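Undergrad:
Number of protein chains: 2
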Amino acid sequence: MNYHEAAIFLEEGENNDKFNSHPRDRDALPAYLVTHNHGFYSLDLFAALLLMSLAVIEQPAVIQGVPVGVHTSIELFGLFLVGISIVMQLRWLGPRTFLKHKRSVVKLVTWVVMIVDAIVVIVSAKTHFRVTRALRPIFFIDNRYLGGVRRFLRQILMSVPPILEVLGILFFILIIFTTLGYYLFSPNPKDPYFSSFGQAFVSLYVLLTTANFPDVMMPAYARSHWSAAFFIAFLAISLYFIMNLMLAVVFVVFSDIEKDKFRKLLVHKRRACQYAFRLLVTRSQPTHIPFKHFKGLLKFFRPSTNERDVFLMFKALNRSQSGLLSLNEFYDVYNICSFRWRPQKAPQPWFSELPGPIRSCCFLIQHLVTNKWFDFFVYAVIVVNAATLMVSTIYISSKGPFSPSEVEVSWDQLVCIAFYGVEALLKIVGLGLVDYMSSGWNVFDLVVTILAVLGIIAEKFANSFFYIIILRPLRLLRLFRMRRRYRDVFQTLMILLPRISSAVIIIIITYYFFAIIGMELFSQYDMKNCCINTTVEQFYHYDNTTFYLDYYYLNNFDNIFIAGVTLFELTVVNNWFIIMEGYVAVTSNWSRLYFMLFYLVMMVVMSVVVAFILEAFTFRMEYNHTVEQDKDRDDEQVRINVELTKEELSMIYRNAGDTGALQRYAAELRLEGTKKYEGVRQRTRVVLQRRMYRDEIPSWLAEADQEQQNEATPFMSPHASPHTVPIPTPASTTTHTPRHTPPSYMGSLNPNGSIASDSPNT
Amino acid sequence: MNYHEAAIFLEEGENNDKFNSHPRDRDALPAYLVTHNHGFYSLDLFAALLLMSLAVIEQPAVIQGVPVGVHTSIELFGLFLVGISIVMQLRWLGPRTFLKHKRSVVKLVTWVVMIVDAIVVIVSAKTHFRVTRALRPIFFIDNRYLGGVRRFLRQILMSVPPILEVLGILFFILIIFTTLGYYLFSPNPKDPYFSSFGQAFVSLYVLLTTANFPDVMMPAYARSHWSAAFFIAFLAISLYFIMNLMLAVVFVVFSDIEKDKFRKLLVHKRRACQYAFRLLVTRSQPTHIPFKHFKGLLKFFRPSTNERDVFLMFKALNRSQSGLLSLNEFYDVYNICSFRWRPQKAPQPWFSELPGPIRSCCFLIQHLVTNKWFDFFVYAVIVVNAATLMVSTIYISSKGPFSPSEVEVSWDQLVCIAFYGVEALLKIVGLGLVDYMSSGWNVFDLVVTILAVLGIIAEKFANSFFYIIILRPLRLLRLFRMRRRYRDVFQTLMILLPRISSAVIIIIITYYFFAIIGMELFSQYDMKNCCINTTVEQFYHYDNTTFYLDYYYLNNFDNIFIAGVTLFELTVVNNWFIIMEGYVAVTSNWSRLYFMLFYLVMMVVMSVVVAFILEAFTFRMEYNHTVEQDKDRDDEQVRINVELTKEELSMIYRNAGDTGALQRYAAELRLEGTKKYEGVRQRTRVVLQRRMYRDEIPSWLAEADQEQQNEATPFMSPHASPHTVPIPTPASTTTHTPRHTPPSYMGSLNPNGSIASDSPNT
């Protein structure tokens, strides 16, 4: 039981769940366990995605002809699945704690509204104005796997108040210039942009995005060249100054939040460790935990870890080598759990045991591929290849439009591909497959080369496969390996990938929200030849005579994907007012609200995304400055080494009942006495941050420990209250470290692998 | 002589001139002095501006009809003036040092080319293709007063290499997508944007700026909705990722440069102080300088400073109160010289000596205006005023276009203006004029109120003055005072003003450069009804039938100002390709080079400007974080207090021969014994930086002193070589501080004000 609760604490620490979402007592535990496993998380995710993807078959649909009854039934099924998790959560938290948990309450309300909405639809057998569908992403965001997205969303929301202040300035300036513009330009009958106060406001609002520049200036400019000053002043102030100010504000707020978030997560995890630690200590050993209890914890916290790795982790954590973990050592448990363990490699290359001639051959190859001139030669070939590709494309282009039937594989392409293939082979032979694949760049090389070979084959045997040839230029991406700055960029990109995907998911959710509303509002209008006698008439012209600008009727809300493309066009901002004015012409002026609001929301989201990218790269570059002296800063991985003695190894394998492994290692151990293991983890952003803020972390933690002294603790097991066993504060722990315990911790290992009689806290 | 050279050193330190531009010997001094005074600087600036403004009367001219002979003569006159400064500089530096000075060489070469060019024009009596005119800003930038602009320019140039690397990635991606785009879309006969490789490149180059989106996508989108993926991928990668990466790179480089520049300036000034100090010490007193020599220095370094202020500065510098300045104390000389001195104000308000009833009346007013509810009330009136303004404008707007003859002053406007006037008067009475004017916000209030009153009067008496009414909304700017963040924004803006103007000057110079070239290349074409049968035909349509989009012929290069507006339109980027395609249609494809190059240059300049604004605001916000505990951080001014005793005061005034002042202070001094003075300076960015980097500065300086030990020194006076009097390094100075000198420094004051026999270094 205690092992289980300790593992729950560690999980809550890891997922940044509040400790008040901890199961309230032992009876609530089953409900907690049912909803907290990957099976249930996946089911929940499936239900959320199912609900969101219903937009594909609901009117206006991508796949036409699905009856209302069918998609509403699916919807009710999805809502039923979501309902299970709500009920379970209510069960394990109790209604009072549940109502304090804001996110859960929002989820519940949305769920009820949707159930009602769906039932109304299924009863009346036809859809109505269903904007509630826009709220479906709430279930999606609430999923356990989307913690990163929630965190990003919280950062966006925290950036909103300062953004609103800057938007205040912006709107103020907008109003001032609207008034000026109206007084100055409305007397000009040829100027449609300032004919009334409202029109002037819309024109200047659009001018903020530059989308109608210079057209909006032209009628006034034609009258007097001095009027240019008005527009230049407006753009200089609003666009070049205020907008950058907004970016600066968001950037500073974002950087602060980022650092603060790191601090909070660190403190939260530390607290989780403290709670877990308190459940694992025994009465007889109140400040340290033995291996047995650590193993018990890991069985619940990381069920898939094997006996050997558990022991390696314990030994890596136990820096004092006392055989017992102090709280200070235990704090590192999250870090240790993210290492993957493997026997340390022998320093000899893989081919050292091959027969003589082959070995010396491999040795030569190894020398060749690790030579820097070899790399230069490869780069030279890539550059030549790139040049020939360019020249051949330009040559094809000079003969007019490309036609797919002309595709042919030229001999130079074949030579290059062959060369890449040989290079990859040589490297694999020279370095060994494992070493070769351990570099992301090599994997990239290999994939591109294999794709190229497949492309060539496809081109040779099936003409219709011509799309493969468009992959040709991708080979050139290898060139990015050459310069240090480019490598930095790509490494940063890799480290950021999880957060970039969070940003992308948030953008997609925003799109989904606005797309549903847009479809409900605008999908019934046909935009072909709309807007006669408006300023945008010509863009919606449709009679096949004009050639270039008559396609805007395609930018509509006819289904979820088309709406998505239209919203992307609004995001890019150029000419967005043409789409807006089109819908204003067929509906009413109120439609502007939708488009202007979307612009504002996207501006906020994009500012945060830009600030995020800026922050990530400046962080990386500052990090590079800070750790310039560290030798391993370019390494994408962090390593840790642990040695196991013969006795320890035999203990482990005897424990695990794996006598085969024991015999396998026997020979090796007889030679060396110990066996070395290596733990490896990816260098994530958190690792970088921990290095970067190394100097500040101790003060944060001390502060947090101070605060914690007076807080109530959320223990499920009543006998684990802070009163029976006091929290070992870090200060007291370090002074009390029991150096007198036996240096070997064999004694704490129980050969049966079961929990011994000295079970914690009983 | 030594005083003079020491002052020259300090000046060089202040202007960040290299010490190798120091006059090489005593004979060169006259030439140095002729060119180093405000008269000559102004003449030089006048010549540079004269040359640049010639573009107004040269073909294609703003002011038509000036004969070629006239403007070329003016040009030769301007060049003659510039020539003087070149010759003088040659004289004082000697040809060898001159040729080492890159900027001077560039100036000389440009000057020779221009002289030749102008003579050719005056001989042939007609202008030819004169792009050399684009180089005129070189003389302008070289002017002494444009040090800030040169520094900014250097920062831009230093940001170029990393920008080029990112541009490398960008162009690489552009080429890949061009190839893909060509293969994918050129088979579509209805797609003009990808018909050839070159066309595809131009389309995607323009798409980088989003100017042709979504039009460029539409033909492909009409064929297959999947093609949207191509454009979305391109924009996501190039625009949202790479462009932000570029901004991040520029931002980081810029922040580093900014800090480094501050460090270098600090070290440079320190070195200047050391050189100056070495010239001021005497053989008998080799580590300290007495007041006499300090005064001698100031006579050349700050000739307008009066006797009292010199003494106050000396006393403020002399923190050890030894009566002799050590080198460490002397280092602060730049800071001290930027203070303005005034007698410390009495704590009583100004009206304390008025007769009884008036005094108590003033006292009441003072209480009123310093009450916070008074401020809230004023804000409320402003908000109401803003609302009525808005409503009345909307009301006017509802009756159709505004006509200037309708202007009338409504009673509510009069009431508001009257209220503002009364408020300003009350505040002036309550706080005293000096205190009132010492706050920038109050000055702003007063100016706006006076303008409003003038506007009302103008409206009443002359209808044609209606432009004044457009000033009405400006009053609302007062609202910005309300929130802390807005105040921060405005304060940052004020501190940045000099650097913002540098940025603006650089943009204007870039415009000038491109405008001259654009005029030479394109001014001979008439764009009306040009471009028949091109994609941009309709934009240049000119027959008064269409209404909205037929004004693009106005975006031309017909004179320097119109070219400037056109270039601004290219800077804003929206629809810039219409202007480019227009000129491509009337000239050749090579014209694209001009427009694309301008875009690239402006992208670099604007990135740096954006990075600069970002950096400034993030610096400010970080500064606010750092100094949160400082009480006076909101104060725009820095203060320093010095007390003068009766003896010191009488000494000063007797020295200055001002017996009147002596008698005036006599009564006051009899009462208190000492008189307090206050030095005030504006809180500039340098002040903020010095506070911000307080912890790092000592290590910078120690490092710089270390380096300096092995360098040759550029002394003009041969007997001031480092061998005769060793540099007092800071370490040795602090240890040698002569505490045994008399605590009063009356002894070093010479009543005649002349340099005594114990002159330095003789």
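Residue numbers (my numbering), protein chains in the order written: chain U, 1 to 762; chain H, 763 to 1524. Even for Gly, the Cβ is constructed at its ideal location relative to N, Cα and C. Note that the structure is a prediction, hence the values are computed from the model and not measured.
1. What residue range does the beta strand (DSSP E) around Asn764(H) cover?
2. Alpha carbon to alpha carbon, how far is Val1442(H) from Ala768(H)?
3. Can you name, in chain order, every residue of its own chain whose Cβ lies under 7 Å from the Cβ of Gln199(U), other than the five neighbours on each side?
4. Using the Cα positions of Arg892(H) and Val1449(H), report the straight-line distance between them to the nearest angstrom.
5. Does the separation of the CB atoms of Val82(U) and Lys107(U) fall below 9 Å?
6. Which residue marks the beginning of the alpha helix (DSSP H) containing His1055(H), and which one marks its end?
7. Please list, in chain order, all residues of the same chain as Pro23(U) whose beta carbon is under 6 Å from its beta carbon, the five residues on each side excluded.
8. Could you check how far apart the C-beta atoms of Gly775(H) and Pro1260(H) are, in whole angstroms? I think they sit under 8 Å.
9. Considering only their Cβ atoms, is the gap separating Met494(U) from Gly440(U) smaller than 9 Å?
10. Which ranges does the alpha helix (DSSP H) cover as unbroken runs of at least 4 residues, wholly within the stretch 988 to 1027 of chain H, from first to last along the chain?
11. Is it the case that the stretch 1085 to 1092 of chain H contacts the stretch 1135 to 1151 of chain H, given that we only count it when at least three CB pairs across the two stretches are under 8 Å?
12. Report the partner residues of Ser1088(H) according to the DSSP bridge assignment.
13. Rounded C-beta distance between Tyr1304(H) and Asn1291(H)? I'm assuming under 8 Å.
14. Once you ignore the five residues that flank Ser1353(H) on each side, which residues in its own chain have a CB closer than 8 Å to its CB?
15. Using the Cα positions of Val818(H) and Ile825(H), report the straight-line distance between them to the nearest angstrom.
16. Please state if the CB of Ile242(U) and the CB of Val166(U) are separated by a distance shorter than 9 Å.
17. Taking Cβ-Cβ distances below 7 Å as the criterion, which residues of the stretch 579 to 591 of chain U are in contact with chain H?
18. Can you list, in chain order, the residues of its chain whose CB lies under 6 Å from that of Ala1373(H), leaving out five sequence neighbours each side?
19. Rounded to whole angstroms, how far is the Cβ of Pro949(H) from the Cβ of Pro401(U), which I believe are closer than 8 Å?
20. List the whole-angstrom C-beta distance separating Ala248(U) from Thr1380(H), where the pair is believed to meet the contact cut-off of C-beta under 8 Å.
21. In this structure, what does DSSP give as the bridge partners for Thr210(U)?
22. For the stretch 1365 to 1390 of chain H, enumerate the residues whose C-beta is nearer than 7 Å to any C-beta of chain U, in chain order.
23. Assign Leu1193(H) to buried or exposed, taking buried as 16 or more other Cβ atoms, counted over all protein chains shown, within 10 Å of its Cβ.
24. Considering only C-alpha positions, which residue in the set Gln821(H), Ile1279(H), Met1075(H) is nearest to Ala887(H)?
25. Straight-line CA distance for Ile1212(H) to Val1140(H)?
26. Counting only beta-carbon separations shorter than 9 Å, does Gly1162(H) have a partner in chain U?
27. Does the distance from the CB of Gln689(U) to the CB of Gln1300(H) come in under 9 Å?
28. What's the gap between the Cα of Phe140(U) and the Cα of Val113(U)?
29. Starting from Ala984(H), find everything on chain U with Cβ-Cβ shorter than 8 Å and list it in chain order.
30. Would Ile417(U) and Val453(U) be called neighbours here (beta carbons separated by less than 9 Å)?
31. Among Lys1408(H), Thr940(H), His987(H), which has the Cα closest to the Cα of Val964(H)?
32. In whole angstroms, what is the alpha-carbon distance linking Thr534(U) and Ile505(U)?
33. Return the chain-ordered list of same chain residues with a C-beta closer than 8 Å to the C-beta of Arg319(U), the five sequence neighbours on each side being excluded.
34. At a CB-CB cut-off below 8 Å, which residues of chain H make contact with His225(U)?
35. How close, in whole Å, do the beta carbons of Ala896(H) and Asn1321(H) come, if the pair is a contact with beta carbons under 8 Å?
36. Among Arg1032(H), Leu1028(H), Ala880(H), Pro1052(H), which residue has its Cα nearest to the Cα of Gly831(H)?
TA: Quick look at the numbers:
1. First-last for Asn764(H): 764 to 776, but that is the alpha helix (DSSP H), not the beta strand (DSSP E).
2. 25 Å
3. Excluding sequence neighbours, Gln199(U) sits near Tyr193.
4. 46 Å
5. yes
6. 1053 to 1063
7. Leu29, Tyr32, Trp92, Met716
8. Cβ atoms of Gly775(H) and Pro1260(H) stay farther apart than 8 Å, at about 19 Å.
9. yes
10. Counting whole runs of 4 or more residues, the stretch 988 to 1027 of chain H contains the alpha helix (DSSP H) stretches 990 to 996.
11. no
12. Partner(s): His1050(H).
13. 5 Å
14. Leu1283, Phe1284, Met1342, Tyr1345, Val1346
15. 6 Å
16. yes
17. none
18. Val1012, Phe1013, Phe1016
19. 6 Å
20. 6 Å
21. In the DSSP output, where bridge partners are listed per residue, Thr210(U) has none listed.
22. Val1372, Ile1375, Leu1376, Phe1379, Thr1380, Met1383
23. buried
24. Gln821(H)
25. 17 Å
26. Output row for Gly1162(H): interface = yes.
27. no
28. 16 Å
29. Tyr551, Leu554
30. Cβ distance < 9 Å, so Ile417(U) and Val453(U) count as in contact.
31. Thr940(H)
32. 37 Å
33. Glu329
34. Phe1323, Ile1324, Val1327
35. Not really, about 15 Å apart at Cβ, beyond 8 Å.
36. Ala880(H)
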